[in-house]
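Asks: Reminder that position 330 of the sequence shown reads as 330 in UniProt numbering, one-by-one numbering, no gaps.
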Amino acid sequence: MRTSQLYLSTLKEAPAEAELVSHKLMLRAGLIKRLGSGLYTWMPLGLRVLRKVEAVVREEMNRAGAQEILMPTIQPAELWQETGRWELFGPQMLKIKDRHERDFCFGPTHEEVVTDIARLELRSYKQLPVNFYQVQVKFRDEIRPRFGVMRAREFVMKDAYSFDATFEGLQVSYDKMYRAYSNVFSRLGLEFRAVAADTGAIGGSGSHEFHVLADAGEDLLAYCPTSDYAANTELAEALAPTAPRAAPAEAMRDVETPKQTTCEQVAELLGIALQRTVKLIAVIDAEGKLVIVLLRGDHSLNEVKLGKVHGIGEFRFATEAEIRDAFACPPGFLGPVGAPAGTRVIADRTVAAMSDFVCGANKPKYHIAGVNWGRDLPEPDVVADVRNVVEGDPSPDGQGTLSLCRGVEVGHVFQLRTKYSEAMGATFTDVDGTQKPFEMGCYGIGVSRIVGAAIEQNFDERGIVFPQAMAPFALALVAVGYHRSEAVREAADQLYAALQAAGVDVLLDDRNERPGSMFADMELIGIPHRLTIGDKGLAEGVVEYAVRATGAVSKVPLADAVRHCQ
Ligand code: ATP
Ligand code: MG
Ligand code: MG
Ligand code: MG
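#1: Is it buried or exposed, ILE450, if we count other Cβ atoms within 10 angstroms and call 16 or more buried?
#2: Is it true that the CB of GLN136 sits closer than 8 Å to the CB of THR73?
#3: Have a look at GLY534 and ASP505 and give me their C-alpha separation to the nearest angstrom.
#4: If you draw a straight line from the alpha carbon of CYS405 to that of ASN232, how long is it in whole angstroms?
#5: Could you tell me the alpha carbon to alpha carbon distance between VAL556 and ALA497, rounded to whole angstroms?
#6: Below 8 Å on the Cβ atoms is my guess for PRO129 versus PHE163; work out the distance and round it to an integer in Å.
#7: Consider the C-beta atom of residue 619 and the heavy atoms of ligand 4; say whether any pair is separated by less than 7 Å.
#8: Can LEU402 and ALA222 be called in contact, C-beta distance under 8 Å?
#9: Taking 7 Å as the cut-off, is the C-beta of GLU409 nearer than that to any heavy atom in ligand 3?
#10: Count the other CB atoms within 10 Å of the CB of ALA502; is the residue buried (16 or more) or exposed (fewer)?
#11: DSSP three-state label for SER517, please.
#12: So who's on the other strand from ILE464, going by DSSP bridges?
#13: I want to know whether the segment 165 to 177 touches the segment 431 to 447 - three or more CB-CB distances under 8 Å.
#14: Is it the case that the Cβ atoms of MET61 and TYR133 are separated by a distance below 8 Å?
#15: Taking contact to mean at least 3 C-beta pairs separated by less than 8 Å, is the segment 470 to 487 in contact with the segment 533 to 548?
#16: Measuring only the C-alpha atoms, how far is residue 581 from GLU513?
#17: Would you mind working out which of GLU112, GLU209 and GLY398 sits nearest SER227, comparing C-alpha positions?
#18: Below 8 Å on the Cβ atoms is my contact criterion, and I expect HIS110 with GLU409 to pass it. Report the Cβ-Cβ distance as a whole number of Å.
#19: Examine ligand 4 and report whether any of its heavy atoms sits within less than 7 Å of the Cβ of residue 580.
#20: For VAL543 versus ALA561, is the C-beta distance shorter than 8 Å?
#21: Taking the DSSP output, what are the residues bridged to ALA546?
#22: Which of the three DSSP states is assigned to ASP228 in this structure?
#23: Between the C-alpha atoms of THR418 and ILE445, what's the straight-line distance to the nearest angstrom?
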């Protein structure tokens with residue numbers, strides 16, 4: 001490719017809306033253009049990067065025995081009603097109607113669709129195991145789309161789904177995916193960590209997330225440097241210096257002091273699965289009515305699942321806006337700030353501190369209608385152990401102390417077991433002739449998020465420093481004086497052709513620009529290697545070779561240039 005043919009649109013300054021380095025640099029480098037909140041167009045240069053990430057993901061998925069399919073983005077409501085997620089998925093799901101007034105959604109994930117395929121296609125244990133995957137656009141109406149492609153509303157995900165006859169089989173499939181994910185992130189040149197994780201709205205039992213380590217990450221990870229222990233703490237807001245703190249002890253005095261009740265009892269009362277990410281903020285409004293706002297998610301509140309209990313016996317999901325209006329909270333914050341006069345607030349990040357408040361003297365003080373929170377299985381032991389940890393705490397596995405770091409979730413693997421197959425009647429005939437539900441796993445990679453996350457880890461004051469495997473081009477060939485020196489033009493064209501013939505993914509900068517601005521552009525867009533060809537070097541028979549990451553510059557004989565860059 002030549003820059004004269006490539007649509008390049010670099011900017012000196014990033015638009016004001018961008019907060020994170022990666023978002024700023026992606027806009028400045030012209031990789032993406034914003035269409036609307038959480039909606040981005042991948043421009044030619046950005047799409048090259050995205051495609052390179054996809055290629056690595058596809059290779060590793062194929063290598064692990066998964067088979068690519070492509071499911072529709074638009075999904076009929078009926079499938080989601082079978083699993084109950086039409087209601088439970090919440091406001092992240094974009095619901096739409098067709099001309100016949102039939103309900104559909106724009107797929108936020110594809111468990112229902114793929115389980116429907118399995119129940120129609122997979123009939124016998126002989127056909128198992130199977131793993132289907134796709135690389136496709138998802139839509140989630142995120143409460144706070146931000147950070148560019150890192151938390152977009154429309155984004156590219158690779159999602160895979162495995163079907164096994166037995167739980168042991170599922171574990172083998174899961175391990176294969178776990179290894180494939182490790183390969184993907186290693187090949188992409190990213191520093192990452194796999195951690196024990198929450199299962200969120202997808203549900204299921206065991207689960208791990210893969211995180212690209214970066215200070216800007218939304219998740220806080222606890223890990224033990226001397227053992228394999230690693231988990232997502234999801235208590236980031238508790239540690240953020242700006243996090244508002246209520247004074248639970250004081251507020252509690254206003255309430256009848258009930259007998260101590262366990263978190264498990266509260267969870268049972270509320271009909272929710274107790275997991276570390278369930279947080280409660282309880283509020284008594286000015287009329288003395290109990291209102292409980294349940295939150296789940298990370299410090300950014302962008303994955304808030306909202307529910308509220310109003311007075312006695314009434315429960316419904318509430319939108320963030322409703323809760324904000326009810327308590328006059330500023331946007332993006334659901335805490336006690338600005339609550340109407342007379343409102344008493346008890347806030348805490350754990351269920352434990354709230355439990356005795358909700359359940360008085362061993363019998364519920366308030367009757368709360370059954371709520372299906374859509375989370376069905378308790379997490380493994382590790383989960384309880386990483387609530388409220390601080391740096392240097394002993395680890396949960398009894399080996400060493402915990403360190404904390406921040407991460408961007410780029411992949412997530414789940415053992416779904418039979419949650420979906422049972423709900424949808426997806427069964428196969430086993431060896432003994434009986435009908436059994438599939439043991440399922442699901443495995444997601446945030447393909448488009450990876451691009452942002454990689455930049456968070458690889459940049460300097462001059463711009464992006466892409467890891468080789470996802471750089472838009474492997475090499476920039478900058479021709480200084482291409483338009484005024486015949487010698488340069490001839491040598492550059494020849495070298496360009498030779499590099500292409502040798503399979504080098506090269507971008508020839510043949511623009512009629514000042515050398516400084518050509519260098520600046522090639523550096524900003526993150527091309528890992530650069531050759532500069534100009535009259536001065538040609539007189540000595542050399543070209544200049546520069547490494548983007550280190551800034552190291554050396555002279556290479558023109559005759560050796562191709563070999564040097566292979
Ligand atoms: P998050 O906790 O960041 O909201 P998630 O747990 O909701 O992510 P999953 O349901 O596990 O996401 O989806 C699989 C992968 O899709 C995630 O690991 C992440 O890399 C990616 N992903 C999820 N939401 C977004 C988004 N809004 N924008 C870009 N990528 C996303
Ligand atoms: Mg989410
Ligand atoms: Mg998550
Ligand atoms: Mg996840």
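C-beta atoms are modelled at their ideal positions from N, C-alpha and C, and glycine is treated no differently.
Replies: Checking against the coordinates, here is how it stands:
#1: Around the beta carbon of ILE450, a 10 Å sphere encloses 16 or more other beta carbons of the protein chains shown; the residue is thus reported as buried.
#2: Yes, the Cβ-Cβ distance between THR73 and GLN136 is below 8 Å.
#3: Near 21 Å, if we compare the C-alpha coordinates of ASP505 and GLY534.
#4: Roughly 10 Å separates the two Cα atoms.
#5: Looking at the two C-alpha atoms, the distance is approximately 18 Å.
#6: With a Cβ gap of about 6 Å, PRO129 and PHE163 count as contacting.
#7: This structure does not reach residue 619, given that the chain is present from 1 up to 566, and the question cannot be answered.
#8: Result yes, Cβ atoms of LEU402 and ALA222 sit closer than 8 Å.
#9: Yes; taking the cut-off as 7 Å, the Cβ of GLU409 has a heavy atom of ligand 3 nearer than that.
#10: That one is exposed.
#11: It is helical.
#12: In the DSSP assignment, the residues bridged to ILE464 are PHE459.
#13: They touch, by the three-pair rule.
#14: With respect to TYR133, MET61 sits close: the two C-beta atoms are nearer than 8 Å.
#15: Cβ pair count under 8 Å is three or more, so yes.
#16: Only positions 1 to 566 of the chain appear in this structure, which leaves residue 581 out of reach.
#17: The residue with the shortest Cα to Cα distance from SER227 is GLY398.
#18: Cβ-Cβ separation between HIS110 and GLU409: approximately 18 Å, too far for a contact (criterion under 8 Å).
#19: Residue 580 falls outside the range modelled here, since the chain spans only 1 to 566, and no answer is possible.
#20: In this structure, VAL543 lies near ALA561, with their beta-carbon atoms less than 8 Å apart.
#21: Under the DSSP definition of a beta bridge, ALA546 partners with ARG530 and VAL553.
#22: Residue state for ASP228 is assigned as coil, using DSSP reduced to three classes.
#23: The straight-line gap from Cα to Cα measures roughly 22 Å.
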